[in-house]
Structure formats: C-alpha cells, structure tokens
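Start counting the sequence shown at 17; every next residue gets the next number (the numbering used here). Glycine included, each C-beta is placed from N, C-alpha and C at the ideal position. I have placed the structure first, in the form of structure tokens, so that the comments after it can refer back to it.
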Amino acid sequence: MKTSLAETLLSSIRTIPDYPKPGIMFRDITTLLGDARAFRRAVDELVHPYAGTKVDKVTGIEARGFILGGAIAHQLSAGFIPIRKKGKLPHDTVRVAYSLEYGIDEMEMHKDALRPGEKVILVDDLIATGGTAEGAVKLLTQMGADIVAACFVIDLPELGGRAKLEALGVEVNTLIAFEGH
Ligand code: AMP
C-alpha cells in the first residue's frame with residue numbers, strides 16, 4: 017500500500033520537547049533529510065506546484081533552507097541564492113532586520129545575487145511566527161524580485177506566519193502542520 021505524504025512526513029520528523037527552551041516542541045527535520053524516501057518525497061511535493069513554471073532563482077534561509085532549497089533549485093533548473101545571518105557573506109550585501117521571539121537579528125544576501133524582475137521561490141524548513149520569512153520577503157522585494165511563492169515543509173498555523181506572508185501578497189505552500197508551538 018502506498019503511504020500517504022502526511023504519514024511519510026510525520027513518521028520521519030522527530031519532535032524534541034523543550035528544545036532549545038522549555039515549552040518549545042522542536043521539529044527536527046534532520047531525520048527526514050536522512051531518510052532517502054522522505055527527503056525525496058518532501059522535495060518532489062514542494063517542487064510539484066511549480067513544475068513547468070519559469071523560476072529563475074530559489075532562495076534558501078540559513079541553514080536548513082539551504083538543504084531543501086538546493087534540491088528544489090536543482091529540480092526546477094533554477095539558480096540558488098543563500099540568505100544568511102549577517103557577516104557570513106563575503107561580497108557586498110543588502111541587509112534587513114527581522115524579529116525573533118525575543119529581540120531582533122539581521123539577515124543578508126549578496127547585492128548581485130538577482131536581477132530585478134527575476135522569479136524567485138523562497139524556501140525554509142518551517143514557518144512559525146513568520147518573522148524570519150517576512151525578513152527574507154523584505155530583502156527580496158528590496159532587490160526587485162518577483163516572488164512566486166514561499167515554501168516550507170512544516171507550518172505551525174497557531175503562530176500566524178502563513179497569514180502574515182499571505183497578507184503581504186505572498187503565496188505560501190506547506191506540506192504538513194503541527195498544533196501549538
Ligand atoms: P519564525 O521566524 O518564528 O517563523 O521561525 C522560523 C525559523 O525558526 C525557521 O528557520 C525554523 O527553522 C526555526 N523554528 C522556529 N520554530 C521552530 C520549531 N518549533 N522547530 C524547529 N524549528 C523552528
């Protein structure tokens with residue numbers, strides 16, 4: 017019998033309670049990445065809506081977004097752009113501040129990583145409050161990107177990130193949702 021997507025993903029994602037802080041249920045995708053079938057299935061499903069669509073670049077958010085984004089870029093025959101925490105990229109960058117649960121941080125991408133009007137898909141493993149993805153959307157918008165969609169394996173809908181991105185006019189695709197934090 018063919019296992020459903022939800023079953024495949026649920027059985028391959030490991031949940032670690034109280035990491036990195038009490039009260040957080042950490043959804044660990046390293047077990048999904050280590051499972052050949054689950055990794056392939058997740059990438060195939062994330063790519064599926066855009067097969068046949070022109071996508072110039074896939075941009076991944078450090079660090080788990082690099083792994084998924086690289087595989088997605090390969091499948092879509094698109095380039096890959098890393099969005100990194102400040103100070104990690106060697107050439108001229110554009111930078112944006114974004115909100116974390118406590119306080120703010122900054123992320124950046126290379127100034128010459130994309131040309132205005134290029135079609136871009138944003139990728140990360142999980143969307144929670146949407147602060148991180150919103151920062152990435154701001155960077156991409158600043159660079160003149162045409163954002164096709166933002167894609168995540170996991171949605172935590174109670175934290176409102178998807179709604180935040182949709183309110184910015186960004187199409188959001190996720191594969192599986194967990195209740196709570
Ligand atoms: P947010 O900015 O609140 O949407 O948080 C999203 C970022 O934090 C992503 O890069 C996730 O990898 C990470 N993250 C937030 N909450 C969790 C969680 N419960 N389990 C695993 N990663 C998380």
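Collapsed DSSP secondary structure at residue i in the structure displayed
{"i": "D116", "result": "First, the residue type needs correcting, since residue 116 is Leu and not Asp in the sequence shown. Three-state result, L116: coil."}
{"i": "A87", "result": "helix"}
{"i": "K154", "result": "helix"}
{"i": "G176", "result": "coil"}
{"i": "P65", "result": "helix"}
{"i": "L142", "result": "strand"}
{"i": "D60", "result": "helix"}
Residue i burial status per 10 Å Cβ neighbour count (16 or more: buried)
{"i": "S27", "result": "exposed"}
{"i": "A52", "result": "exposed"}
{"i": "D34", "result": "exposed"}
{"i": "Y66", "result": "buried"}
{"i": "R80", "result": "buried"}
{"i": "A58", "result": "buried"}
{"i": "L116", "result": "exposed"}
{"i": "R30", "result": "exposed"}
{"i": "P38", "result": "exposed"}
{"i": "T24", "result": "buried"}
In DSSP terms, what residue i is bridged to
{"i": "E122", "result": "A113"}
{"i": "D162", "result": "K135"}
{"i": "P33", "result": "M41"}
{"i": "P98", "result": "G76"}
{"i": "F168", "result": "D140, T190"}
Unbroken beta strand (DSSP E) run spanning residue i, endpoints
{"i": "R43", "result": "41 to 44"}
{"i": "A193", "result": "188 to 193"}
{"i": "T19", "result": "Taken as a continuous stretch (DSSP letters only), T19 belongs to no beta strand (DSSP E), as it is neither H nor E."}
{"i": "K127", "result": "Premise fails: K127 is in no beta strand (DSSP E) and is neither H nor E."}
Own chain residues within Cβ distance below 7 Å of residue i, not counting five before or after
{"i": "K135", "result": "K70, V71, D72, D162, V164"}
{"i": "G177", "result": "I143, A144, T145, G146, A149"}
{"i": "L235", "result": "For the chain, the structure presents residues 17 to 197; residue 235 sits outside this window and is missing."}
First and last residue of the uninterrupted alpha helix (DSSP H) at residue i
{"i": "V74", "result": "Taken as a continuous stretch (DSSP letters only), V74 belongs to no alpha helix (DSSP H), being part of the beta strand (DSSP E) at 73 to 77."}
Cutoff 8 Å; reference residue i; Cβ partners in own chain excluding five residues on either side
{"i": "P132", "result": "M159, G160, A161"}
{"i": "D108", "result": "H126, K127, D128"}
{"i": "L181", "result": "I143, G146, A149, E150, V153, A166, V188"}
{"i": "T157", "result": "I163"}
Beta-carbon contacts of residue i that lie in its chain and below 6 Å, excluding the five residues immediately before and after
{"i": "A89", "result": "V74, F96"}
{"i": "A113", "result": "I120, E122"}
{"i": "F42", "result": "I32, Y35"}
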